[in-house]
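Working notes for the structure below.
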């Protein structure tokens, strides 16, 4: 990296916060993208750790003038190569933008610096008696800014939807360097085109989020977890829409095939509580009173019996609930060494039985198998491609394309929550027509005429 | 309008569905914008009433090639001059795009042609035992397509938010003529930039919505309406955040100053039930069981006593509830002859007492007064500017600018739900910086390089 660039960054953020030595820069060049699938990072980079939005505005203004690419870095928990610099770049890490967390009880909102992690936000809210924030994408090391630009999903989408529904206001540095405020602590706001909606899910290609205001919700203090077992995948999947149609809206409805549950439990030295059947639906309820909680648990159990469940159990103690949740949360960890990739398709909830059939059929065609788990209550299935002899199988691209085609045939999407990044970008043309992609490229150009920011993410 | 344009439209949609005679075209040239404030429509227009999205795509392709402006027309219920042609234009009316309404019980969604009115959608859902659609902007003549492009709000936003949160998929004709599908019956979908979000609230300047899929919700069968009275505006407004913080999320929380309630009741030949105090908060609850409903009513009454309410009454019968709602819904009708304008600001809910003070103070400064009513639970206040001797007062622009400045000083917006259209466009620079407006203009250009569609709406 040119000395003059390094010097300019030192002038803006101070010499202590500029890293250009490769030995200290390593952890800033990759995110959590599968090592066997990720592109190789460009090592000719410089990392800067600004402490304010104003510093970031200066850095971006400088980079835009000098035409130096910027790669923005949040918690680095992404898995679609959205935070790996591929050209000589300034890596702007938001880790020091984590000072302010303000709870606004009157408006039921929280305003945080973008570098605040989900863990820090949850810790702050744990001290608050009344309010909670519902979105939980799994890795609590994720930063709030990153969760916004990737429109994070996670397990609680059944009741609470995704990040987009909870972002009320953003402070953003535009790719041309201006620091702007979008949105507000408002429920209704119809002035102009809603640029904030483009920032959400824009994967940092349209601006750097530096501060955000999020909606909070009254805490429901009573929670219970049900594990309902079925003999077949079809029966399990078909049960899900019945729950929602009864007017029961759980916090989460998860799907886990028994071989996965047992493998993960073994990996963690724990026991999976369900014995009968082959597939489990895990339901997390979160209610205002104990009576409502028990009423809903009972209603769910009797509903499940009507729809061919072979067993059901209710975990009420914190310990039992945590055991189940921990097994569910560690699926990827337990399979890390054996899988090439965990996919992220979604289909309309009613088509989950069909897509699970299709995924299994397609894998079989390639002489392999897949295992599915995921957020069945919102139609988002994570299925695995396994390594063969420790290597990424040759057929992975073809098989993945067939998985995607199957999802799209039900009106689904190639990526429900992981995002487009650089890994999924090549599949955009499966999901969009030429004109839509041209419009996306045009929008990128409008925000970022010089293509400075997160270049190659979503669009070229 | 040139004969060749009229002939081309006749070829696409059939001669019966093309109207170029001014005497038959009158009702297509204006919307519900206040007659005294609206711009004068250009009469050199032709109205076409296509019966399918494909016909619309042909019309737009033709218009884009021949550079003829298009003004899209839904139910014509807008009030910011968003559907008034100002240049010689093809007025595309969606009234015949109203054939299909499909309820998808498994996915809790409904798919409708864009020209279906809210009244038709509600009638269809009235026959369904389980599901309902929550957004209600007041005028049931509004078409669903129009409700989407204006991101409609209304009374139920406290619990259910605005239109944006309920739109899952759109079929859209782009300004360059392509017919595309955006979104899907999905809860999570992170492929590419989310162009659907730009269509929502885009006021038809970025595309013509021809079909839409909306989220539905389990019906809560028990509803009750409370009217809680306070002596002062401040006390009434301060009570609202307390409700939400208790974890009670009503369907609606409305604010109505007593002189308005009495005037509207008189106009309708009805009686407003509250006697004590000077300001009323009207709360609509909608719950799954009768027990929950009564529990929440009682909780609200005792909470209101804690916060200085002087009286409260609960309407349980359908008749009593309808009486109150009818008075609330007819505020604009009752004042039609006496007001120049009803404004549409919003502020964070906690600042409602402050903004109501400010609005009164500003009006007084101009030697007049204002009256407020509106969706206090979501921070959206409609306040009146009165006519003087039947005329729009000279000071209206100055006073309006001061109202807006006050709302913005609390982080609010000039228009919460009515939209930007052409009437509010001149105030964009109060709310956005130059670069943001330039980006909005750039986005318009990307979608609509020839500026064919709804020209002058939101951006020039």
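Residue numbers (the UniProt record's numbering), protein chains in the order written: chain A, 1 to 460; chain B, 1 to 460. Glycine included, every Cβ here is placed at the ideal spot set by N, Cα and C.
The beta carbon of residue 129 (chain A) is closer than 8 Å to those of 219 in its chain, skipping five residues each way along the sequence. Where residue 406 (chain B) is concerned, there is no enclosing beta strand (DSSP E), although the alpha helix (DSSP H) around it starts and stops at 396 to 409. DSSP places residue 280 (chain A) within a strand segment (E or B) once states are collapsed to three. Contacts between residue 378 (chain A) and chain B, judged by CB atoms closer than 9 Å, involve 186, 187, 188 in chain order. Not a single C-beta of chain A is nearer than 7 Å to the C-beta of residue 211 (chain B).
Residue 199 (chain B) sits away from residue 420 (chain A), with the two beta carbons spaced by 7 Å or more. When rounded, the separation of the alpha-carbon atoms in residue 202 (chain A) and residue 278 (chain B) is 48 Å. At a beta-carbon threshold of 9 Å, none of the residues of chain B lie near residue 304 (chain A); the nearest stands roughly 17 Å away. By the neighbour-count criterion, in which 16 or more other beta carbons inside 10 Å mark a residue as buried, residue 137 (chain A) falls on the buried side. Secondary structure at residue 5 (chain B): helix, using DSSP grouped into helix, strand and coil. Exclusion of the five residues before and after residue 327 (chain B) leaves 261, 264, 265, 268, 270, 272 as the residues of its chain whose Cβ lies within less than 7 Å of its Cβ.
For a Cβ distance threshold of 9 Å, residue set 244, 245, 246, 247, 248, 249 of chain A lies close to residue 218 (chain B), ordered along the chain.
According to DSSP, residue pairing for residue 73 (chain A) in a beta bridge involves A:93.
A contact is defined here as three or more CB-CB pairs under 8 Å, and the stretch 435 to 451 of chain A meets this definition with respect to the stretch 436 to 450 of chain B. A distance below 7 Å separates the beta carbons of residue 207 (chain B) and residue 172 (chain B).
Distance between residue 24 (chain A) and residue 17 (chain A), taken at the CA atoms: about 12 Å.
DSSP places residue 336 (chain B) outside both helix and strand once states are collapsed to three, so it counts as coil. Burial is judged here by how many other beta carbons sit within 10 angstroms of a residue's own beta carbon; residue 189 (chain B) has at least 16 and is buried. In terms of Cβ geometry, residue 222 (chain B) and residue 287 (chain B) form a close pair [threshold 7 Å]. DSSP, reduced to helix, strand and coil, places residue 218 (chain B) within a strand of the structure shown.
Distance between residue 456 (chain A) and residue 407 (chain A), taken at the CA atoms: about 25 Å. The beta-bridge partner set that DSSP reports for residue 102 (chain A) consists of A:111. When A:250, A:179, A:214, A:82 are compared, the shortest CA-CA separation from residue 102 (chain A) is found for A:214. Between residue 60 (chain B) and residue 19 (chain B), the CB-CB gap reaches or exceeds 7 Å. At least one CB of chain B lies nearer than 7 Å to the CB of residue 241 (chain A). One alpha carbon belongs to residue 330 (chain A), the other to residue 197 (chain B), and they sit about 34 Å apart. Distances from the CA of residue 386 (chain B) to each of B:367, B:224, B:182, B:351 were compared; the closest alpha carbon is that of B:367. DSSP places residue 356 (chain A) in the helix class (H, G or I) of the three-state scheme. In this structure residue 234 (chain A) touches residue 353 (chain A) by the C-beta definition: roughly 5 Å separates them, less than 8 Å.
For residue 382 (chain B), the uninterrupted beta strand (DSSP E) run begins and ends at 380 to 386, by DSSP. Chain-ordered, the chain A residues with CB closer than 7 Å to the CB of residue 194 (chain B) read 197, 201.
At a cut-off of 7 Å, the C-beta of residue 452 (chain B) has no neighbouring C-beta in chain A.
Proximity of residue 108 (chain B) to chain A, defined by a Cβ-Cβ separation below 7 Å, is satisfied.
With a threshold of 7 Å between beta carbons, residue 431 (chain A) makes contact with chain B.
Using a Cβ distance threshold of 7 Å, residue 227 (chain B) and residue 332 (chain B) do not count as a contacting pair.
Within chain A, the C-beta atoms nearer than 8 Å to that of residue 440 (chain B) come from 192, 193, 195, in chain order.
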